[in-house]
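Engineer: Handing you this structure, nothing more for now.
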Amino acid sequence: KAIGLKDASSHSGRRTYITRLANKGVGVRLLAALAGHSHISTTQRYIDVNSEQLSEAVELL
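Following this line, the structure appears as structure tokens:
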């Protein structure tokens, strides 16, 4: 907000950081360590999935 981004927060920054690393193939255990999470389930909540990724997963069938 201080830099002029509407609806931006540290939480959205963490979500972007974790999601981008996950999309590059970084494993959830390493992501949890990088984020300082004690539980992998916490990290998993930060990873966003988009429609393109869902389509690619279905195409694997």
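Under my numbering, the sequence shown is numbered contiguously, ending at residue 1006.
We treat Cβ as the ideally placed atom computed from N, Cα and C, and that holds for glycine.
Just so we're clear, the structure is a prediction, and the values are computed from it rather than from any experiment.
#1: Applying the 10 Å Cβ sphere with the 16-neighbour rule, what's the burial state of Lys946?
#2: In angstroms with no decimal places, state the Cα-to-Cα distance between Ile1025 and Leu976.
#3: Roughly how many angstroms separate the alpha carbons of Ala978 and Ile963, rounded to a whole number?
#4: Count the other CB atoms, across all protein chains shown, that sit within 10 Å of the CB of Thr988; report buried if there are 16 or more and exposed otherwise.
Structural biologist: This is what the structure holds:
#1: For the purposes of this step, residue 946 is identified with residue 1 of the sequence shown, where counting begins at 1. The pLDDT assigned to Lys946 is 49, lower than 50, so where the model puts this residue is not dependable, and the model offers no usable value.
#2: Shown here, the chain extends from 946 to 1006; a query on residue 1025 therefore has no answer.
#3: Here the question's residue 978 lines up with position 33 in the sequence shown. Here the question's residue 963 lines up with position 18 in the sequence shown. When only Cα atoms are considered, Ala978 and Ile963 end up about 11 Å apart.
#4: The count along the sequence shown starts at 1 and reaches residue 988 at position 43. Within a 10 Å sphere around the beta-carbon of Thr988 sit 16 or more other beta-carbons, which makes this residue buried.
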